[in-house]
């Protein structure tokens, strides 16, 4: 029998005092799925003193974690740039364990942060692994053998001056070309971990926190394709708080950014009403992802996530359709969903 797996973008529970509110409208749909996997962009942590804004950690009260249960979330990834601080990560992992929600990407030490998680649904075993390429280089953000943190894949940036094709003329003030790439050893370790997880499950989801702005950067393509090559059946990306293109690589979808799902309050208590996101729905048959489509979601001033029709979001979809042409991705509308041809 076919199963439905839902993927979501960023969930940030800052400012949530009533766990029933964020998914009041969308919860019934989530709970009908066989499995829901989300990116969790905060820590469940109540510090003794006010946090430093320089650390940029997102800390939500412990009670807000009940929101995940209200939404039927079955797995979360918590390797994010704002999942920061040893005490915060210890607290968040402990609270998630109390709630009975499997999580990957952050942990009390390197082993737990880098480990995949597995969930079995009606004899289909799903594996999930998350890494971040966006992290703080100071303060011990990466998990080590004896220190809490997140799991990372390292990437680099270089700036290349632009010259004309016919002569070496530079024009002062011209912006450089930005080049990014993955650290070879770091990416190989990621592929090795994925390959090992692949042997332990029927369907493998790779999740990556990455990106900068509206472009799909070179290292994102490199990393997404490497994940598929290592055995992942789908890649869910997040980091930019808006959707990015979808690539179908070797018949498997790479969602470069799912955008927002439930993210109402951000840095310095700034409100972010009405951000848009993609909510992929994957059909799994005979241990394979046989179909992929996505719904569009926004959230209102009350912080309720709700569905929006593709017919009313043509401008947002065009922002994704156009840049997807380089990948040859084919989209079609089916009612309130956008189908991605695999």
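Residue numbers (the working numbering): 577 to 918.
C-beta atoms are modelled at their ideal positions from N, C-alpha and C, and glycine is treated no differently.
For residue i, three-class secondary structure by DSSP
| i | result |
| --- | --- |
| residue 705 | strand |
| residue 579 | strand |
| residue 899 | helix |
| residue 918 | coil |
| residue 719 | coil |
| residue 653 | strand |
| residue 797 | helix |
| residue 595 | coil |
| residue 904 | coil |
| residue 613 | strand |
| residue 677 | coil |
| residue 682 | strand |
| residue 777 | coil |
| residue 630 | In this predicted model, residue 630 has a pLDDT of only 49, less than 50, meaning its place in the structure is not dependable enough to derive any value. |
| residue 668 | helix |
| residue 886 | helix |
| residue 663 | helix |
Beta-bridge partners of residue i, as assigned by DSSP
| i | result |
| --- | --- |
| residue 619 | 635 |
| residue 588 | 839 |
| residue 755 | 734 |
| residue 881 | 875 |
| residue 783 | 706 and 812 |
| residue 819 | 834 |
| residue 913 | 910 |
| residue 726 | 682 and 718 |
| residue 825 | 828 |
| residue 624 | DSSP, once it has assigned bridges, lists no residue as partnering residue 624. |
| residue 700 | 697 |
| residue 791 | 788 |
Limits of the unbroken beta strand (DSSP E) element including residue i
| i | result |
| --- | --- |
| residue 602 | Residue 602 -> no beta strand (DSSP E), and no H or E assigned at all. |
| residue 833 | Looking at the DSSP string, residue 833 is not in any beta strand (DSSP E), and its letter there is neither H nor E. |
| residue 868 | 864-875 |
| residue 856 | 853-861 |
| residue 806 | Per DSSP, residue 806 belongs to no beta strand (DSSP E) and is neither H nor E. |
| residue 760 | First-last for residue 760: 760-774, but that is the alpha helix (DSSP H), not the beta strand (DSSP E). |
| residue 694 | 693-697 |
beta-carbon residue i near the ligand COA non-hydrogen atom, thresh 7 Å
| i | result |
| --- | --- |
| residue 650 | The ligand COA is not among the ligands present in this structure, which contains no ligands whatsoever. |
Per-residue burial, residue i [other beta carbons within 10 Å of its own, 16 or more giving buried]
| i | result |
| --- | --- |
| residue 902 | exposed |
| residue 738 | exposed |
| residue 911 | exposed |
| residue 717 | buried |
| residue 753 | exposed |
| residue 790 | exposed |
| residue 900 | buried |
| residue 732 | exposed |
| residue 698 | exposed |
| residue 861 | exposed |
| residue 856 | buried |
| residue 706 | buried |
| residue 558 | Nothing about residue 558 can be reported from this structure: the residues present for the chain run from 577 to 918 only. |
| residue 735 | exposed |
| residue 598 | buried |
| residue 760 | exposed |
| residue 768 | exposed |
| residue 842 | Residue placement at residue 842 cannot be trusted, given a pLDDT of 49 that sits under 50; what the coordinates show is reported in the next sentence. Counting Cβ neighbours within 10 Å, residue 842 comes out buried, since at least 16 surround it. |
| residue 894 | exposed |
| residue 674 | exposed |
| residue 773 | buried |
Supposed close pair residue i, residue j - CB separation, criterion 8 Å
| i | j | result |
| --- | --- | --- |
| residue 685 | residue 722 | 6 Å |
| residue 681 | residue 727 | 5 Å |
| residue 590 | residue 636 | 5 Å |
| residue 657 | residue 618 | Going by Cβ atoms, the distance from residue 657 to residue 618 rounds to 11 Å, so no, they are not a contact pair. |
| residue 766 | residue 729 | 5 Å |
| residue 647 | residue 606 | 5 Å |
| residue 719 | residue 770 | Actually they are not in contact, since the Cβ atoms of residue 719 and residue 770 sit about 18 Å apart, beyond 8 Å. |
| residue 833 | residue 820 | 4 Å |
| residue 661 | residue 615 | About 19 Å; that fails the 8 Å criterion. |
| residue 874 | residue 914 | Actually they are not in contact, since the Cβ atoms of residue 874 and residue 914 sit about 15 Å apart, beyond 8 Å. |
Cβ of residue i within 8 Å of any chain D Cβ
| i | result |
| --- | --- |
| residue 635 | No chain D appears in the structure shown, which is made up of a single protein chain. |
Boundaries of the alpha helix (DSSP H) in which residue i is found, first to last residue
| i | result |
| --- | --- |
| residue 688 | 686-690 |
| residue 645 | 642-646 |
| residue 908 | Not the alpha helix (DSSP H): residue 908 falls in the beta strand (DSSP E), residues 907-910. |
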